[in-house]
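A.B. asks: Quick one: this structure, given as structure tokens, is what I'll be asking you about.
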Amino acid sequence: MAARFMTEITYPFDRMVPEGSSVMEVAPGILWLRMPLPFVLNHVNLWLIKDGNGWSVIDTGVTWNKARELWREWLKKYPLTRQIVTHYHPDHVGLSGWLEQETGASLWMTQGEYLCGLALANDMRSYSIGAMVKLFRRHGLDDDRLNALKQRGNVYKKGFPLIPSTYRRIFDNDMITIGEHEWKVIVGYGHAPEHASFYCKERNVLISGDMLLPSISTNIPVKAANPYGNPLKDFLTSLRRYPDLPEDTLVLPSHGRPFIGIHLRVNQLEKHHQKRCEVLLDACSVPKTACDILPVLFERDIVDTHQCMFAMGESIAHMNYLEEQKKLVRIEGDPVRFVRS
Numbered sequence: 001m002a003a004r005f006m007t008e009i010t011y012p013f014d015r016m017v018p019e020g021s022s023v024m025e026v027a028p029g030i031l032w033l034r035m036p037l038p039f040v041l042n043h044v045n046l047w048l049i050k051d052g053n054g055w056s057v058i059d060t061g062v063t064w065n066k067a068r069e070l071w072r073e074w075l076k077k078y079p080l081t082r083q084i085v086t087h088y089h090p091d092h093v094g095l096s097g098w099l100e101q102e103t104g105a106s107l108w109m110t111q112g113e114y115l116c117g118l119a120l121a122n123d124m125r126s127y128s129i130g131a132m133v134k135l136f137r138r139h140g141l142d143d144d145r146l147n148a149l150k151q152r153g154n155v156y157k158k159g160f161p162l163i164p165s166t167y168r169r170i171f172d173n174d175m176i177t178i179g180e181h182e183w184k185v186i187v188g189y190g191h192a193p194e195h196a197s198f199y200c201k202e203r204n205v206l207i208s209g210d211m212l213l214p215s216i217s218t219n220i221p222v223k224a225a226n227p228y229g230n231p232l233k234d235f236l237t238s239l240r241r242y243p244d245l246p247e248d249t250l251v252l253p254s255h256g257r258p259f260i261g262i263h264l265r266v267n268q269l270e271k272h273h274q275k276r277c278e279v280l281l282d283a284c285s286v287p288k289t290a291c292d293i294l295p296v297l298f299e300r301d302i303v304d305t306h307q308c309m310f311a312m313g314e315s316i317a318h319m320n321y322l323e324e325q326k327k328l329v330r331i332e333g334d335p336v337r338f339v340r341s
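Residue numbers 1 to 341, in the UniProt record's numbering, belong to the letters of the sequence shown in order.
Right, dumping it as structure tokens:
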């Protein structure tokens, strides 16, 4: 039976957001912390859940002085019992080592995310800056932008400089008890190796991380370690789990405002990527590199180095997706090109 969904996404907290060190209760015992980020995407949402005599936090923020200042204020009122992290990106896991030192709160996350973070922070082989540059060169990125990526260095390590030496591994479908309620782990793929979202049936609340955002589409990249991978297929397959949840689920995303309309949002994301694929196929009537189609997919020139990294990975992902569907043909060479079949 086809899923029925709302006609528009609703935001139960209107335009209210917590500012500075203030917090906002979004449900009894669940607090919203809005952590600033020193990037174009200027915030990440963190979630405190009452956990006995203390609080569990979902995600931590990236390592920089402003974030540490805010955490020092929050910790005066909200002692941490543990840190539960959705995925390896530094805005989500970056302060986990520092928070463990400050509070003793241990890190809980999936193994794929923990190991990926270790590999990136240590610039290991196929997870190194050099491997990323090699992949992007093979897909047509120009020397100026390649050099900018090399000169920028390992910014991941800057955002996640202190990695906890141990972690508590979580698995898909685990039930984690936090305070008086159980939260089901929902692992999703495509955006990250083993991204964990958390659903509480009793509260009808989903902490979605980056898998479901209310107004932007999460980045879905091919990585150098798996150059022929199909993360877009993995992401779209993962999305199909969310319509099993009630339509009136309160979704707490990592970026943007809490929202209701989970089925509609999944439908929007599926249509968004379908349209991007159609545009890409039109552009590939003649052979094109992943770099060639950046302005087609993103409808603008990508000049910012940080955004270029995301855009190239996602461009390759769309090429690989359409190749697996036999709608594009890969032409091996230097650079690699794709043409409509």
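Glycine is no exception: its CB is placed at the ideal position from the N, C-alpha and C atoms. If you're wondering where the values come from, they're calculated on a predicted model, not measured in any experiment.
Could you check what DSSP says for L48 in three-state terms: helix, strand or coil?
C.D. replies: Correct three-state label for L48: strand.
A.B. asks: Distance, Cα to Cα, A3 vs F338?
C.D. replies: Low local confidence applies: a pLDDT of 46 at A3 is under 50, so the model's placement there is unreliable, and no value is given.
A.B. asks: Given this structure, state the Cα-to-Cα distance separating C291 from L162, to the nearest angstrom.
C.D. replies: Going from the Cα of C291 to the Cα of L162 covers about 34 Å.
A.B. asks: Sorted by chain position, which residues of the same chain lie with C-beta nearer than 8 Å to M1's C-beta, five sequence neighbours on each side aside?
C.D. replies: For M1, the predicted model reports a pLDDT of 37, less than 50, meaning its position is unreliable; a value from the coordinates is still stated below. Cβ within range, chain order: n/a, list empty.
A.B. asks: Cβ atoms of L250 and A27: under 8 Å apart, would you say?
C.D. replies: Yes, Cβ-Cβ distance for A27 and L250 is below 8 Å.
A.B. asks: May I ask you to list the residues that DSSP assigns as paired with M24?
C.D. replies: Partner(s): W32.
A.B. asks: Helix, strand or coil for M319 per DSSP?
C.D. replies: Helix.
A.B. asks: Rounding to the nearest angstrom, what Cα-Cα distance links E180 and D51 in this structure?
C.D. replies: If I take the Cα positions, the gap works out to 8 Å.
A.B. asks: Using a Cβ-Cβ cutoff of less than 6 Å, which residues in the same chain neighbour W183 once the five nearest sequence positions on both sides are dropped?
C.D. replies: The answer, listed in chain order, is I176, F198 and C200.
A.B. asks: Figure out for me which residue from R34, W108 and H306 has the closest Cα to the Cα of G153.
C.D. replies: Checked all of R34, W108 and H306; the closest Cα to G153 is H306.
A.B. asks: Beta-carbon within less than 7 Å of M135's beta-carbon, same chain only, minus the 5 sequence neighbours each way: which residues are those?
C.D. replies: One point to set straight first is that residue 135 is Leu, not Met, in the sequence displayed. Excluding sequence neighbours, L135 sits near A224 and P227.
A.B. asks: Note down the Cα distance separating E102 from F39, rounded to an integer number of angstroms.
C.D. replies: Answer to the nearest angstrom: the Cα atoms are 25 Å apart.
A.B. asks: Which one of L33, M109 and R241 has the shortest CA to CA distance from G61?
C.D. replies: Comparing Cα positions, the closest option is L33.
A.B. asks: Closer than 6 Å by C-beta to L48: which residues in its own chain qualify, once you throw out the five before and the five after it? Chain order, please.
C.D. replies: The answer, listed in chain order, is L31, W55, V57 and Y78.
A.B. asks: Per DSSP, C291 is paired with what?
C.D. replies: Answer by DSSP bridge pairing: none, since C291 is not bridged.
A.B. asks: Taking just the CA atoms, how far does I260 sit from D244?
C.D. replies: Spanning the two alpha carbons is a distance of roughly 14 Å.
A.B. asks: Under three-state DSSP, which class holds V187?
C.D. replies: Of the three classes helix, strand and coil, the one that applies to V187 here is strand, per DSSP.
A.B. asks: Assuming G97 is part of the beta strand (DSSP E), what are its boundary residues?
C.D. replies: Careful: G97 lies outside any beta strand (DSSP E), inside the alpha helix (DSSP H) at S96 to T103.
A.B. asks: For the beta strand (DSSP E) containing Y88, name the first residue and the last one.
C.D. replies: Element bounds for Y88: n/a, residue is neither H nor E.
A.B. asks: Would you give the residue range spanned by the alpha helix (DSSP H) that G117 belongs to?
C.D. replies: Its alpha helix (DSSP H) spans residues Q111 to A121.
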